[in-house]
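Each remark here refers to the structure printed beneath this line.
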Amino acid sequence: MSLLTIEGMPASEIDRLLDLAEGFVEVLDRPVPKVPALQGRTIGMLFYEASTRTRMSFERAAKALSADTMVFSPSGSSVSKGESLKDTALTVGSMGPDLFVVRHSSTGAPWRVAEWTGLPVINAGDGAHQHPTQALLDCLTLRQHFGSIDGLRVAIVGDIRHSRVARSTAQALGTLGASVHFIAPRTLLPVDVDGWPVQTTSDFDGLIGDLDVVYMLRIQQERGGGDVFPSIGEYVKRFGLTRNRADRLPPHTMVLHPGPMNRGVEIDPAVADGPRSLVTKQVANGVAVRMAVLLDQLSGKAGT
Ligand code: CP
Numbered sequence: 054m055s056l057l058t059i060e061g062m063p064a065s066e067i068d069r070l071l072d073l074a075e076g077f078v079e080v081l082d083r084p085v086p087k088v089p090a091l092q093g094r095t096i097g098m099l100f101y102e103a104s105t106r107t108r109m110s111f112e113r114a115a116k117a118l119s120a121d122t123m124v125f126s127p128s129g130s131s132v133s134k135g136e137s138l139k140d141t142a143l144t145v146g147s148m149g150p151d152l153f154v155v156r157h158s159s160t161g162a163p164w165r166v167a168e169w170t171g172l173p174v175i176n177a178g179d180g181a182h183q184h185p186t187q188a189l190l191d192c193l194t195l196r197q198h199f200g201s202i203d204g205l206r207v208a209i210v211g212d213i214r215h216s217r218v219a220r221s222t223a224q225a226l227g228t229l230g231a232s233v234h235f236i237a238p239r240t241l242l243p244v245d246v247d248g249w250p251v252q253t254t255s256d257f258d259g260l261i262g263d264l265d266v267v268y269m270l271r272i273q274q275e276r277g278g279g280d281v282f283p284s285i286g287e288y289v290k291r292f293g294l295t296r297n298r299a300d301r302l303p304p305h306t307m308v309l310h311p312g313p314m315n316r317g318v319e320i321d322p323a324v325a326d327g328p329r330s331l332v333t334k335q336v337a338n339g340v341a342v343r344m345a346v347l348l349d350q351l352s353g354k355a356g357t
């Protein structure tokens with residue numbers, strides 16, 4: 054059993070994982086935030102792409118469950134001598150991990166690691182494709198704040214075309230009954246967006262007074278996101294969550310961002326650090342969600 058995608062995961066399954074994660078929020082709040090649930094288990098982490106939040110929260114989650122970790126990053130490894138993903142996965146797999154957590158710039162890489170090694174794999178982000186644990190932590194954060202996701206009006210704003218977060222979180226939110234809007238220049242929308250259960254617009258200001266949640270995304274320069282609009286200044290004017298725009302949101306509207314943020318581009322620093330921001334709560338919930346997912350993968354359907 055692996056967790057490779059949020060697509061097609063039923064609402065009951067998402068809710069079950071979120072309930073399990075809520076239990077770990079409580080564990081992480083204890084004076085000694087550690088349980089012996091995965092003592093003797095080893096988590097192999099293959100991170101072929103940069104990460105701060107996902108990599109560190111998986112490590113934190115594994116340790117809070119008393120598991121051991123083996124963390125691989127290409128820098129300083131035999132990748133520089135030409136070793137392939139397959140040979141790396143088989144090599145690390147031979148050292149006895151019980152599960153792999155995989156991040157890679159290529160869509161589908163976590164599926165291949167699962168096939169090659171026969172081990173369960175958690176997808177920690179593959180290209181612009183999927184980031185299922187990000188979707189779960191976003192849902193947990195919104196469920197905690199609003200009580201329920203059903204009926205929420207959520208706008209995901211920015212470089213949606215290159216965003217595995219937008220894809221995964223929109224799918225999970227849609228499954229749980231939210232109404233999702235993508236706000237972006239046409240050039241930063243996915244080419245197949247017409248088949249998605251979302252509404253699209255390039256008029257941020259037209260929706261600003263009618264949203265419960267604004268989910269800002271950075272421009273993914275590393276995937277070519279910066280090449281498709283005239284200038285950063287022009288982009289900020291139309292799609293940035295500026296202070297002026299944030300002042301026009303309804304009082305109850307909350308702001309999310311998966312990180313890393315480019316302050317002053319997609320989000321004003323005062324908004325990122327202001328009372329509407331749930332950004333640090335998202336990060337904190339990432340640990341609890343990853344504890345839930347690790348336990349679920351390694352002990353069957355925990356909590357049912
Ligand atoms: N949200 C997210 O995936 O952040 P990192 O790239 O830092 O892991």
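Our numbering puts the first residue of the sequence shown at 54, with every later residue one more than the last. Cβ atoms here follow ideal geometry from the backbone N, Cα and C, with glycine treated the same way.
Do you know offhand how far residue i's Cα is from residue j's?
| i | j | result |
| --- | --- | --- |
| Ile59 | Met269 | 20 angstroms |
| Val155 | His215 | 19 angstroms |
| Leu91 | Phe153 | 14 angstroms |
| Glu75 | Leu193 | 8 angstroms |
| Ser158 | Gly178 | 8 angstroms |
| Asp140 | Leu195 | 40 angstroms |
| His253 | Asp280 | One detail in the question is off: residue 253 reads as Thr in this sequence, not His. Approximately 21 angstroms between the Cα atoms of the pair. |
| Asp245 | Val233 | 16 angstroms |
| Leu189 | Pro311 | 12 angstroms |
| Leu143 | Ala162 | 14 angstroms |
| Leu73 | Gln350 | 12 angstroms |
| Pro105 | Pro322 | At residue 105 the sequence reads Thr, which differs from the Pro that was named. Each residue's alpha carbon lies about 20 angstroms from the other. |
| Pro283 | Gly327 | 29 angstroms |
| Leu56 | Asn176 | 6 angstroms |
| Pro250 | Arg276 | 24 angstroms |
| Arg165 | Arg113 | 26 angstroms |
| Gln335 | Asp151 | 27 angstroms |
| Ser128 | Val145 | 15 angstroms |
| Gly61 | Thr228 | 8 angstroms |
| Lys354 | Pro63 | With a pLDDT of 47 at Lys354, under the threshold of 50, the modelled position of that residue is not reliable, and the figure given next carries that caveat. The straight-line gap from Cα to Cα measures roughly 15 angstroms. |
| Val88 | Val80 | 8 angstroms |
| Gly356 | Lys290 | For Gly356, the pLDDT reaches just 37, beneath the cut-off of 50, and the residue's location in the model is therefore unreliable, although a value from the coordinates is still provided. Cα to Cα, the separation comes out at about 47 angstroms. |
| Val346 | Trp169 | 21 angstroms |
| Ser130 | Leu138 | 12 angstroms |
| Phe77 | Ala167 | 27 angstroms |
| Ala120 | Arg69 | 22 angstroms |
| Leu71 | Tyr288 | 35 angstroms |
| Ala299 | Asp265 | 12 angstroms |
By the 10 Å Cβ neighbour count, where 16 or more other Cβ atoms means buried, how is residue i classified, buried or exposed?
| i | result |
| --- | --- |
| Glu102 | buried |
| Gln187 | buried |
| Thr304 | The identity of residue 304 in the sequence shown is Pro, whereas the question assumes Thr. Exposed, by the Cβ-count rule. |
| Ser133 | exposed |
| Arg94 | buried |
| Thr1 | With the chain running from 54 to 357 in the structure shown, residue 1 is simply not present. |
| Arg296 | exposed |
| Ser43 | Residue coverage of the chain in this structure runs from 54 to 357, which leaves residue 43 outside it and unanswerable. |
| Ala115 | buried |
| Pro243 | buried |
| Gln274 | exposed |
| Asp247 | exposed |
| Asp263 | exposed |
| Asp191 | buried |
| Arg239 | exposed |
| Val85 | exposed |
| Ile67 | buried |
| Arg83 | exposed |
| Asp258 | exposed |
| Met54 | exposed |
| Gly171 | exposed |
| Gly97 | buried |
| Asp256 | exposed |
| Met109 | exposed |
| Pro313 | exposed |
| Gly211 | buried |
List the whole-angstrom C-beta distance separating residue i from residue j, where the pair is believed to meet the contact cut-off of C-beta under 8 angstroms.
| i | j | result |
| --- | --- | --- |
| Arg217 | His184 | 4 angstroms |
| Ile236 | Arg301 | So it is not a contact: roughly 14 angstroms between Cβ atoms. |
| Arg343 | Phe100 | Wrong, their Cβ atoms sit about 14 angstroms apart, outside the cutoff. |
| Leu348 | Leu118 | 6 angstroms |
| Gly293 | Val318 | 7 angstroms |
| Val267 | Thr306 | 6 angstroms |
query = Can you list, in chain order, the stretches of the alpha helix (DSSP H) that have 4 or more residues and sit fully within the stretch 128-170?
reply = As summarised for the stretch 128-170, the continuous alpha helix (DSSP H) elements at least 4 residues long and confined to that stretch are 138-146 and 162-170, given in chain order.
message = I'd like the ranges of any alpha helix (DSSP H) spanning at least 4 consecutive residues and lying wholly in the stretch 178-239.
response = Runs found: 185-199 and 217-228.
ask   = Counting pairs of beta carbons, one from the stretch 215-224 and one from the stretch 197-204, are three or more of them closer than 8 angstroms?
value = No, the stretch 215-224 is not in contact with the stretch 197-204.
query = Curious, which full-length beta strand (DSSP E) runs of at least 3 residues does the stretch 267-313 contain?
reply = Runs of the beta strand (DSSP E) inside the stretch 267-313: 307-309.
Neighbourhood of the ligand SAH [Cβ distance below 7 angstroms to any heavy atom], ordered by chain position = This structure lacks the ligand SAH; the ligands present are the ligand CP.
task = Go through the stretch 70-111 residue by residue and report every complete run of the beta strand (DSSP E) that reaches 3 residues or more, in order.
result = If we require 3 residues or more, the beta strand (DSSP E) runs fully inside the stretch 70-111 come out as 95-100.
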